[in-house]
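Residue numbers (my numbering): 4 to 142.
We treat Cβ as the ideally placed atom computed from N, Cα and C, and that holds for glycine.
All figures in this text were calculated on a predicted structure; none of them were measured in a lab.
What follows is the structure, encoded as structure tokens:
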């Protein structure tokens, strides 16, 4: 999130056995040098790109390198630093304690995004019931 615009997203999946991480799959999408017109054509509310926000072209290789270096230091201590990662994520989350609309199995539902659970799932209050959300589209 940059200037209240979503410029990227992250999807993570991990397997933990005997308290140790066996594997982690991380997918990262980042709008880097897209023109404002291209972003608008996507018809996604509050979407943006680095170029659109800073009015300059970026070198993707430098961005990827910086991201990988940061991730490496986090992953070296995972899962022991899991609570710190969750805390940092929640501090940056724009939809924390706000009503969101989710698309789950092609159905749209509304709820309040409460927090990230210890398992990394989003916890959403839907009609007074706390639901773990591991996969959904949030709008």
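With a threshold of 16 other beta carbon atoms within 10 Å, residue 42 meets it and is buried.
Per the coordinates, the alpha-carbon of residue 72 lies some 35 Å from the alpha-carbon of residue 114. Pairwise C-beta distances place the stretch 51-61 in contact with the stretch 26-37, as three or more of them are shorter than 8 Å. For residue 19, the enclosing beta strand (DSSP E) covers residues 11-20. A Cβ-Cβ contact shorter than 8 Å links residue 116 with residue 125.
The alpha-carbon of residue 93 is positioned some 10 Å away from that of residue 100. Non-local C-beta neighbours of residue 12 in its own chain, meaning closer than 7 Å and more than five positions away in sequence, comprise 32, ordered along the chain. Residue 127 is positioned such that its CB atom lies no closer than 8 Å to that of residue 97.
For residue 117, the uninterrupted beta strand (DSSP E) segment begins and ends at 110-119. The beta-carbon distance between residue 89 and residue 119, rounded to whole angstroms, is 5 Å. This is short enough to meet the 8 Å contact definition. In the structure shown, residue 26 falls within a strand segment according to DSSP collapsed to helix, strand and coil.
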